[in-house]
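Colleague: Those letters in the sequence shown? Residues 447 to 949, by the numbering used here. Each residue gets a CB set at the ideal place from its N, CA and C atoms; glycine is no exception. These numbers were taken from a predicted model, which means no experiment stands behind them. This is the structure I want to talk about, given as structure tokens.
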Amino acid sequence: AIACGLTLCMEMQTVSAAASTALLPRGRWVPWPLPTWASPPSQPSVASSAGSSERRPRTPSPAALKRAALCCLVGGSLPWSSEAISKTIDAPHQDALWTFLEYDMGLDPGSTIEIDMYNDRPANNTYVMVLTHEQWVDWRRVEPTTLPGSGGDASGGGLNSYLVSYWRGTLKHHLKARFKVVAPTKDRYHIGILNAQQQILKLHGTLSMVNPGGHELPLQEELIPNVLFVTSGLFLLSCLIYVCYIFVFMRRRDRTGMHAVMASALFLKGVVLLFWLGDCWMVAKYGTTSSWSQVGWQLLEKVQTILELMMFLLIALGWKFLRADLNRTEVRFACGISLVSFYLGVFEVACTTQSTCGSYQLSRYILHSLCYLVVIVAMNFNMQLVYQQIAEAPASLDSGKLYRKYHAYKGFRWIFLAFIIAPTVELFLKVTVMPWDAHWLYVLVQQLRTWAIYISIIVTFSALPHPSPLRVFDLTRDVALSDDEADEDVPEGVLEDGEPLAE
């Protein structure tokens, strides 16, 4: 069951990494070709040059459509950071058919959209388009019509740009527009540039979307600051209670470095959520976020995941619970995993291109999956070792302590299984059950799940490394005492059955 959960986790993380390379990341611009208009596998598209005059029409690819739909579905459910609604756009030269400026923004009726876009490489049939989510879904089902060229060439006129949209504006040199959203209900909107003739464009400008009342966060994220405030307080309060328990109720010889690691995991998780909360408040107030704020909490989050990983690894290896020290190989492995994971995390946060970010993210996921496998092997090995000691030991108080350790690691195995498969279950609930504007609920479920796992580990190993024996093993002590008392009551020269000894 644990191996199955690990496999599901690795598959989910791989898909998530692929989705993050295709979707629009928070506060960052990236071109995205329209999925249904991708080139077929047999005829890969060739990047056009400035002097090219003949172009092949692009036909829809079912495989590309399925991949793009999966990326939209999975990527939209990832626990990203707060979206900066007001942003500055500076795109490189590109000739993509469709380029996203903003993806999946929840807006209320009466919201204000401001667009100020420049094109340094003027081109005909280029439009800035605002789509509702339903229109975007319909776009993925439409096969665009190829228009004839001026000389009658069937492939020289580009693709049909007359697609249904909420709003569109022609972008040749410069487009500046400001309008309000008129709709009966709240909805998700996508903003992008349609380059029907796929000419090389050089785009730059600004984009702003504000909900009524000056609310800068999308509808999906309006309640996320409240969630982060509550959950960060929950983690920090739990850490405070646990530290008080360690210093007040635990004996000095029972306090170990492993307890410090578990307390640090709680504390650092609460600090990460506080930094994330500050980033959300900045976006909600100013409509954008600073680089140091976003990068700061993301780097701290990488450190926290490493500490979480080391907590699982050290418990599985039995450090302080089954043995006092680790051997040199285990120490080197733990340090190596931590350093490489931190290295990949730093470059993942600091990268500037989506392909590079996806490579670092996928490499980090693979590294952590390898460490999960080591945790599973070490955990089962130590459980077997303790079980063998129980089988060989006589019925005594020491055997009762071994039973306590065995039960603790048996519970840890189920906790780790829940930790592995929880992201898959949460993603399934996000896609199938939760409404689109309840991203705050998804974040809340994630944080409560993490808190429950941490608390379960603390409770499971609260009695270690010197547990009290099981109550049934107190009988061995009582029997031994009664035997000693019986021996003392028998007078010298008399057998146990009362018969006198023969001379």
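Applying the 10 Å Cβ sphere with the 16-neighbour rule, what's the burial state of L723?
Modeller: buried
Colleague: One question on the structure: do V718 and W738 come within less than 8 Å of each other, judged by their Cβ atoms?
Modeller: no
Colleague: Quick one: using the 10 Å Cβ neighbour count with 16 as the cut-off for buried, is T896 buried or exposed?
Modeller: Around the beta-carbon of T896, 16 or more other beta-carbon atoms lie within 10 Å, marking it buried.
Colleague: Can you name the start and end residues of the alpha helix (DSSP H) that T545 belongs to?
Modeller: No alpha helix (DSSP H) holds T545; the beta strand (DSSP E) holding it covers 544–553.
Colleague: To which residues of the same chain is M829 closer than 8 Å at the C-beta, ignoring the five residues directly before and after it?
Modeller: Y852, Y855, K856, R859
Colleague: Whether or not the region 641–661 and the region 556–571 are in contact is what I'm after, with contact meaning three or more pairs of Cβ atoms, one per stretch, closer than 8 Å; do they touch?
Modeller: yes
Colleague: Classify C781: buried if its beta carbon has 16 or more other beta carbons within 10 angstroms, exposed otherwise.
Modeller: exposed
Colleague: Would H636 be called buried (16 or more neighbouring beta carbons within 10 Å of its own) or exposed?
Modeller: buried
Colleague: Short of 7 Å in beta carbon distance, which residues of its chain neighbour F675, apart from the five on each side in sequence? Order them along the chain.
Modeller: L723
Colleague: Have a look at Y608, L553, L665 and flag the residue whose alpha-carbon is nearest the alpha-carbon of A629.
Modeller: L553
Colleague: According to DSSP, simplified to helix, strand and coil, what is E931?
Modeller: Note that E931 scores 48 on pLDDT, short of 50, meaning its location in the model is unreliable and no value can be drawn from it.
Colleague: Quick one: grab the DSSP three-state call for E560.
Modeller: In the structure shown, E560 sits in a strand (DSSP, three-state: E or B).
Colleague: With a threshold of 8 Å, are at least 3 pairs of Cβ atoms found where one atom belongs to the region 768–777 and the other to the region 833–840?
Modeller: no
Colleague: Where in the region 765–852 do unbroken runs of the beta strand (DSSP E), each at least 3 residues long, occur, reported from the N-terminal end onward?
Modeller: none
Colleague: Could you give the first and the last residue of the continuous alpha helix (DSSP H) run that contains I637?
Modeller: Counting along the chain, I637 falls outside any alpha helix (DSSP H), though it belongs to the beta strand (DSSP E) covering 633–641.
Colleague: I'd like to know if the region 690–697 and the region 883–893 are in contact, where contact means that at least 3 CB-CB pairs between them fall below 8 Å.
Modeller: Cβ pair count under 8 Å is below three, so no.
Colleague: R614 lies in the beta strand (DSSP E); which residues open and close that run?
Modeller: 613–616
Colleague: Exposed or buried, which one is R810 when buried takes at least 16 other CB atoms within 10 Å?
Modeller: With 16 or more Cβ atoms within 10 Å of its Cβ, R810 is classed as buried.
Colleague: In angstroms, rounded to a whole number, what distance separates the CA positions of L745 and V792?
Modeller: 7 Å
Colleague: Using three-state DSSP, classify L663 as helix, strand or coil.
Modeller: coil
Colleague: Can you say whether R502 is buried or exposed, counting buried as having 16 or more other CB atoms within 10 angstroms of its CB?
Modeller: Interpretation of R502 is limited by its pLDDT of 38, a score under 50 that renders its predicted location unreliable; the figure taken from the coordinates is listed afterwards. Exposed is the call here.
Colleague: Based on the DSSP secondary-structure assignment, which residues constitute the bridge partners of T878?
Modeller: In the DSSP output, where bridge partners are listed per residue, T878 has none listed.
Colleague: Could you give the residue range of the alpha helix (DSSP H) that holds F695?
Modeller: Careful: F695 lies outside any alpha helix (DSSP H) and carries neither H nor E.
Colleague: Nearest CA to the CA of V689: which residue from T870, G804, F713, K731?
Modeller: F713
Colleague: Could you tell me which residues DSSP pairs with V574 in its beta bridges?
Modeller: For V574, which the question treats as bridged, DSSP gives the partners G615, I639.
Colleague: Closest to A898 by C-alpha separation, out of S908, A864, D725, G556, would be which residue?
Modeller: A864
Colleague: Run the CB neighbour count on A706, radius 10 Å, all protein chains shown included, and call it buried at 16 or more, exposed below.
Modeller: Exposed, since its Cβ has fewer than 16 Cβ neighbours within 10 Å.
Colleague: Rank I904, K632, L647 by C-alpha distance to the C-alpha of H620 and give the top, closest one.
Modeller: L647
Colleague: So, using beta-carbon positions, are M825 and A762 closer together than 8 Å?
Modeller: yes
Colleague: What number of angstroms, rounded off, separates the C-alpha of D541 from the C-alpha of A730?
Modeller: 34 Å
Colleague: Near I903, which residues of its chain fall below 8 Å by C-beta distance, leaving aside the five closest residues on each side in sequence?
Modeller: M708, M757, I761, F858, I861
Colleague: Ignore the nearest five residues each way along the sequence and tell me which others in Q835's own chain have a CB closer than 8 Å to its CB.
Modeller: L848
Colleague: What is the rounded straight-line gap between the Cα of S801 and the Cα of E794?
Modeller: Near 11 Å, if we compare the C-alpha coordinates of E794 and S801.
Colleague: What's the C-alpha gap between P913 and V821?
Modeller: 23 Å
Colleague: What is the residue span of the alpha helix (DSSP H) that L759 lies within?
Modeller: 737–763
Colleague: Nearest CA to the CA of E747: which residue from T735, L790, G733?
Modeller: L790
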